[in-house]
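First up is the structure itself, then whatever we jot down about it.
In the working numbering, the protein residues as written are 28 to 373.
Take a look at the structure:
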């Protein structure tokens, strides 16, 4: 194929590389909630930072600011060539004082939540097998997760701040562990989060969530393209009982209240969005599938996937080399962004 050839694929074509264009809102804080597709959202934001030459607020080491407490000022990588930060999307326990100190006044606040039973299953798998935590690895039985569900409090870490399975979503949002079962405090906490965050995405409605983010930030379809990262492909079959789920709901009272509140709000928002929004989501899904197919095999970097303009987005090209960024692990991507920030990349 020479440089002038164009290959059609339905609504898209593959052609030689030209730059796509988008006009995003640049300032965004994303609360990276554990095991809720947050690494996938982070990948979207880091690629946008590269595309628009944005400054990301990064930790000076590792890939997170803190997973245990709200004191992490000493981990901030200082500004280099810019006079402000544009994006914050690394793991931290939410501290509004910290975010307001480092991010511009017009920053969008975005987060994501997941159905708590599915979230804890994913967390249990990840922190037992991929990044093992001693308190989970020590749980006995042929199916340790079922053992855990029989009596979660028995197997939990003695220090709640060290746990990744005890109301972790609420903890990431900043709820103090001493308030996990305080109904009135949980209600007040959720009301505060609702007022502060511009969008709380829903894991189970991921495509719809990204399209809402696109609308909120004035982005192009190109800016929300994704491939799943750190996802849990369940191969073990569990025989969960109603009692298992009931015990878990009692144990994670804060997380269930948090999720149910924002799920209800999201569904109302979805109903108000109407038919045009549904069509926009379907168009986005076609694009995501086309990109997945495009990136699934080896590609010459001089080629790109071209998407024509639609009612919801201007035309753009998805370049082959961006497939590598889509597949880049969280730790590797943060390391790359830190080198970029320090001016160590050529």
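Note that the Cβ used here is the ideal one computed from N, Cα and C, for glycine as well.
Check: Going by DSSP, what residues sit across from residue 57 in a beta bridge?
Finding: 137
Notebook entry, point to check: In whole angstroms, what is the alpha-carbon distance linking residue 302 and residue 331?
Noted result: 31 angstroms
Notebook entry, point to check: Is residue 250 helix, strand or coil by DSSP?
Noted result: helix
Checklist line | Close-in-space but distant-in-sequence residues of the same chain around residue 274 (CB under 8 angstroms, 5 per side omitted) | finding: 176, 177, 178, 179
Next item on the list: With a floor of 4 residues, list each alpha helix (DSSP H) that falls wholly inside the stretch 181–227, ordered by position along the chain.
Entry: Taken in chain order, the whole alpha helix (DSSP H) runs of length 4 or more contained in the stretch 181–227 are 195–199, 210–223.
Notebook entry, point to check: What is the rounded straight-line gap between the Cα of residue 369 and the Cα of residue 135?
Noted result: 25 angstroms
Note to self: With H, G and I counted as helix, E and B as strand and the rest as coil, what does DSSP make of residue 120?
What the structure shows: Residue 120 carries a coil assignment under DSSP once its states are collapsed to helix, strand and coil.
Note to self: With three or more beta-carbon pairs closer than 8 angstroms as the criterion, would you say the stretch 246–255 touches the stretch 304–317?
What the structure shows: yes
Checklist line | residue 226 and residue 52 closer than 9 angstroms at C-beta | finding: no
Next item on the list: Quick one: grab the DSSP three-state call for residue 267.
Entry: In the structure shown, residue 267 falls within a coil segment according to DSSP collapsed to helix, strand and coil.
Item checked: CB contact flag (residue 345, residue 308, <9 angstroms) -> no
Check: With a cut-off of 8 angstroms, do at least 3 Cβ pairs link the stretch 140–154 to the stretch 195–212?
Finding: yes
Note to self: Using CA atoms only, rank isn't needed, just tell me which of 230, 210, 231, 223 is closest to residue 280.
What the structure shows: Residue 210 is the option with its Cα nearest to residue 280.
Next item on the list: Kindly list the residues whose CB is nearer than 6 angstroms to the CB of residue 121, restricted to its own chain and excluding five residues on each side of it in sequence; keep chain order.
Entry: 58, 200, 201
Notebook entry, point to check: How close, in whole Å, do the beta carbons of residue 138 and residue 207 come, if the pair is a contact with beta carbons under 8 angstroms?
Noted result: Contact flag wrong, Cβ pair sits at about 18 angstroms.
Notebook entry, point to check: Tell me, which residues are paired with residue 321 by DSSP?
Noted result: Its beta-bridge partners do not exist; DSSP assigns none.
Checklist line | Between the CA atoms of residue 54 and residue 220 - distance to the nearest angstrom | finding: Linking residue 220 to residue 54 through their CA atoms gives a straight-line distance of about 19 angstroms.
Next item on the list: Less than 8 angstroms between the CB atoms is what I'm expecting for residue 97 and residue 86, so what's the real figure, rounded?
Entry: Not quite, the Cβ-Cβ distance comes to about 14 angstroms (not below 8 angstroms), so this is no contact.
Notebook entry, point to check: My guess is that residue 213 and residue 290 are in contact by the Cβ rule of under 8 angstroms, so how many angstroms apart are they, rounded?
Noted result: With a Cβ gap of about 16 angstroms, residue 213 and residue 290 do not count as contacting.
Item checked: Validate contact between the stretch 67–80 and the stretch 350–365 using beta carbons, cut 8 angstroms, 3 pairs -> yes
Check: What is the DSSP secondary structure of residue 346, reduced to helix, strand or coil?
Finding: strand
Next item on the list: Check whether the Cβ atoms of residue 239 and residue 296 lie closer than 9 angstroms to each other.
Entry: The Cβ atoms of residue 239 and residue 296 lie closer than 9 angstroms to each other.
Checklist line | residue 265, buried or exposed, once every other Cβ within 10 Å from all chains shown has been counted against 16 | finding: When all chains shown are included, residue 265 counts as exposed.
Note to self: Between the alpha carbons of residue 287 and residue 165, how many angstroms are there, rounded?
What the structure shows: 32 angstroms
Check: Should residue 222 go down as buried or exposed, given a rule of 16 or more other Cβ atoms within 10 Å for buried?
Finding: Classification for residue 222: exposed.
Notebook entry, point to check: Going by the CB atoms, is the gap between residue 189 and residue 162 shorter than 9 angstroms?
Noted result: yes
Check: Mind checking residue 267: buried by the 16 CB within 10 Å criterion, or exposed?
Finding: exposed
Notebook entry, point to check: If we count the other Cβ atoms within 10 Å of its Cβ and call it buried at 16 or more, is residue 191 buried or exposed?
Noted result: buried
Checklist line | Cα-Cα separation between residue 366 and residue 334, rounded to whole angstroms | finding: 32 angstroms
Notebook entry, point to check: Where does residue 166 fall in DSSP's three states?
Noted result: coil
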